[in-house]
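One structure is given below, encoded as structure tokens.
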Amino acid sequence: MNVSLTTQELIREKMLANIDIDKVEYLVDDYSKLIELLSKTFYALFSDNKYKLTTQEQEKSIEMIADEITGFGPLRELMEDESISDIMVNGPEKIFIERYGLITLTNRRFINNTQLTDITKRLMQRVNRRIDEGRPLADARLIDGSRINAAISPITLDGTSLSIRKFSKNKRKLEDLVDMGAMSSDMANFLIISASCRVNIIISGGTGSGKTTLLNALSKYISENERVITLEDAAELNLEQPHVVRMETRLAGVENTGQITMRDLVINSLRMRPDRIIIGECRGEETFEMLQAMNTGHNGSMSTLHANTPRDAIARLESMIMMGPVNMPIFTIRRNIASAINLIVQVSRMNDGSRKIRNISEIMGMEGENIVLQDIFSFKPIKERDQQGKIQGEFINHGLLSRSSVRISAEIYNLSNELSSIFSAVEK
């Protein structure tokens, strides 16, 4: 729209002053009727066309108000674009997106920080979250499943910050990840067997590396006969099995009461007769309870955490257990980790935007006071890139030790032949 920001601001102020948003919100899901209603108000207020707007500019001005009322303002088309996975707003003038793993600056913007903050508050109000100067940070799950994090003044110095992780309607399968070059077919088959025969798995990686995508893909191979409980801060997992209980943490209310932490959910889930417990992300004092669950018959449990390598993931688990109420020596902590977790799957977002599984490593127990890690698969990049600038490399199959817990579990679930076929070439 070629209308100046000053004119847009004046139109917005006058329109919103003459509209009771609470009374027109019922039209949020009927965009055409909302446009029709707003058009009547617009042409009544600006019948003299003192701003010298063309017909197209008038229509765009009406759409601007409609987009704000429906929730996302200038972000609406970005939210509707399924190729975009993340939207990041750094103040009113800078809107970034992530598309196919690459982050770019868009030509979109808000009129001013007031509009951005008003839209942010309205988005939070619709999901019963509060954000204001007294509570300038908020995290929520939107109605469509997208995750939103917001920060406003006085915490942010250059305008309101908004981060939206869009909910993907297309659930990726392991086969899709193979086709995308994220892993080899041998790695996918190994993970299918591991998930099917109830191996305890931690998926490790950085922000936006695809941890939850992989966790969702692995969940497909959980038996329909199992009772599964999923625990998340913001619900993203979408299991297809019939016997699933989904639970979500809750922030404290206005009076600082009613908070339900991840640790509360883990402790409660153990009383719900689960076969498996899946924790969307392990990040604090709930870690010890998660390991206890894995060690007490809830085989096949899974979680994700933020770490850069499998060894770093172990160090992170140690640190998170120390954050909890249980006081244990480091040797005991490591022994608990070694007996509870079987596999660590390391995922990374490469600098070309692609996602790769860098390592699938098995915890083989303790050697002295240290946890022993054994690589089963790894990705070895090469210097040369392809014509599109994408990273090339080789997924290496290192083989599986005879005392592997995956091998033992595969025998129990009658999957030994399938497992052996994956490693037959390297074990000859």
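Count along the sequence shown from 1, then add 15; that gives the number in our numbering. Beta carbons: idealized from backbone N, C-alpha and C, even for Gly. Since we're looking at a predicted model, the values are computed, not measured.
Quick check: what's the CA-CA separation for residue i versus residue j?
i: T21; j: N33; result: 19 Å
i: S369; j: T228; result: 13 Å
i: L31; j: L90; result: 19 Å
i: S62; j: E78; result: 17 Å
i: S98; j: E382; result: 47 Å
i: Q256; j: I170; result: 42 Å
i: E301; j: I80; result: 44 Å
i: M139; j: V18; result: 29 Å
i: T272; j: I216; result: 34 Å
i: K55; j: G174; result: 33 Å
i: I218; j: A328; result: 9 Å
i: L254; j: S100; result: 20 Å
i: R288; j: E190; result: 32 Å
i: A203; j: A210; result: 11 Å
i: L358; j: I84; result: 47 Å
i: N9; j: I158; result: Because residue 9 is not part of the residues shown, which for the chain are 16 to 443, the question remains open.
i: K235; j: N64; result: 58 Å
i: L52; j: R123; result: 25 Å
i: S284; j: H313; result: 11 Å
i: V362; j: T319; result: 10 Å
i: L93; j: S47; result: 19 Å
i: D35; j: Y41; result: 11 Å
i: V43; j: M195; result: 37 Å
i: L152; j: T132; result: 12 Å
i: I437; j: I423; result: 15 Å
i: R187; j: M365; result: 19 Å
i: K38; j: P325; result: 53 Å
Report the residue from the options whose alpha carbon sits nearest the alpha carbon of residue i.
i: K371; options: I99, G116 and E108; result: G116
i: F125; options: F111, T119 and S219; result: F111
i: E148; options: I84, R373, A165 and L60; result: A165
i: R286; options: A267, A308 and G299; result: A308
i: R526; options: I163, N128, D159 and T129; result: Here the chain has residues from 16 to 443 only, and residue 526 is not among them.
i: D82; options: N105, Y58, R137 and V104; result: R137
i: H321; options: V360, D37, P340 and T311; result: V360
i: I282; options: L42, T311 and H258; result: T311
i: R350; options: S334, N385 and G223; result: N385
i: G220; options: D133, S76, F394 and N323; result: N323
i: I397; options: F205, D390 and I406; result: I406
i: M277; options: S436, D290 and G299; result: G299
i: E304; options: A153, I348 and N240; result: I348
i: E72; options: E399, K184 and I26; result: I26
i: R114; options: G223, A440, G380 and D45; result: G223
i: I376; options: F346, Q403, L416 and K75; result: Position check: residue 376 holds Ser in this sequence, whereas Ile was assumed. Checking every option, the nearest Cα to that of S376 belongs to L416.
i: D390; options: D96, V104 and M379; result: M379
i: C297; options: M335, G404 and R418; result: M335
i: S439; options: D201, S183 and V214; result: D201
i: N185; options: R150, L252, A267 and L206; result: L252
Look up residue i in the DSSP assignment and give the residues it is bridged to.
i: N164; result: D154 and S178
i: T319; result: I218
i: E40; result: Partner(s): none; E40 has no beta bridge.
i: E247; result: E263
i: E113; result: D101 and I118
i: R291; result: V243
i: D147; result: R150
i: I275; result: R265
Taking 7 Å as the limit between beta carbons, can you name the residues of its chain near residue i, skipping five residues before and five after?
i: E247; result: E263 and G295
i: I275; result: T264 and R265
i: R261; result: T245 and A250
i: L306; result: N351, I352 and A355
i: N128; result: G106, P107, G174 and T175
i: T135; result: I146, A165, I167, T175 and L177
i: L430; result: I208, S211 and C212
i: V341; result: F303
i: T69; result: none
Which same chain residues end up closer than 6 Å to residue i when comparing Cβ atoms and leaving out the 5 residues on each side of it in sequence?
i: L120; result: F111
i: I179; result: I102, S161 and I163
i: H258; result: R242
i: F394; result: K371, R373, G408 and F410
i: D154; result: N164
i: I292; result: I244, S284, A308, H313 and S316
i: G339; result: E300 and F303
i: M57; result: The identity of residue 57 in the sequence shown is Phe, whereas the question assumes Met. Hits under 6 Å: I77.
i: E333; result: I348
Please confirm whether residue i has its beta-carbon closer than 8 Å to some beta-carbon of chain C.
i: K226; result: Protein chain content of the structure displayed is limited to a single chain, and chain C is not contained in it.
Take residue i and list the residues in its own chain whose beta-carbon comes closer than 8 Å to its own, dropping the five residues that flank it on each side.
i: S199; result: V193, F392, F410 and N412
i: E433; result: N204, I208 and A425
### Message
Please give me, in chain order, every unbroken run of the beta strand (DSSP E) with length at least 3 that falls completely inside the region 351 to 418.
### Response
358 to 364, 370 to 382, 385 to 400 and 406 to 412
### Residue ranges of each alpha helix (DSSP H) within the region 295 to 346, 4 or longer
302 to 310 and 325 to 338
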